[in-house]
Amino acid sequence: MPDSPKADVLILTKNGGPLFRRVLPAVLAQRAPWPFTVCVWDSGSTDGTLEFSRSLPVRVETLAPGDFQHGRTRNLAMSRAIGEFGVFLTQDALPVDDQWLLRLVTACEAAPD
0 MPDSPKADVL ILTKNGGPLF RRVLPAVLAQ RAPWPFTVCV WDSGSTDGTL
50 EFSRSLPVRV ETLAPGDFQH GRTRNLAMSR AIGEFGVFLT QDALPVDDQW
100 LLRLVTACEA APD
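Below, the structure written as structure tokens:
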């Protein structure tokens with residue numbers, strides 16, 4: 000399927016704060032020769048993180064705060080990813096530039112082991 004994303008960027012959030020308002024646009028500004036998706040998994044934000052995420056062209060999933068577990072939630076997010084690569088990013092990790100995702104996927108393709 001030609002329009003399938005090459006990568007899914009998966010971001011787990013809860014009250015991401017002002018920094019997340021910089022992180023998400025920086026992720027969306029990534030330049031790559033292939034499509035990618037961004038999915039925010041929110042576990043009970045009360046600071047506007049959820050509303051901000053929904054205002055941008057990303058997929059948003061929610062889960063109850065009591066259902067969040069670091070490993071289990073990441074496994075769930077990855078199980079719903081549709082790209083060839085799943086890339087986890089924390090809510091406070093600001094990409095250094097607009098080619099961070101391209102370089103990461105390219106490195107994985109160059110050394111598949």
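Take 0 as the starting number for the sequence shown in numbering that gives the first Met the number 0 and just add one per residue. Where is the CB? At the ideal position from N, CA and C, for every residue including glycine.
In the three-state scheme derived from DSSP, where H, G and I count as helix and E and B as strand, residue 50 is classed as helix.
Apart from the 5 residues on each side of it in sequence, residue 44 sits with its Cβ closer than 8 Å to the Cβ of 12, 13, 14, 15 in its chain, given in chain order. Contact between residue 7 and residue 65 does not hold, since the beta-carbon distance rounds to 25 Å and is not under 8 Å. Membership of residue 103 in the alpha helix (DSSP H) is indicated by the continuous run 99-109.
Between residue 36 and residue 58, the gap from beta carbon to beta carbon is short of 9 Å. Less than 9 Å divides the Cβ of residue 40 from the Cβ of residue 76. In the three-state scheme derived from DSSP, where H, G and I count as helix and E and B as strand, residue 85 is classed as strand. Per DSSP, the beta bridge partners of residue 40 are 11, 60. Ranked by Cα distance from residue 30, the options 109, 95, 107 are led by 95. For residue 22, the uninterrupted alpha helix (DSSP H) segment begins and ends at 16-27.
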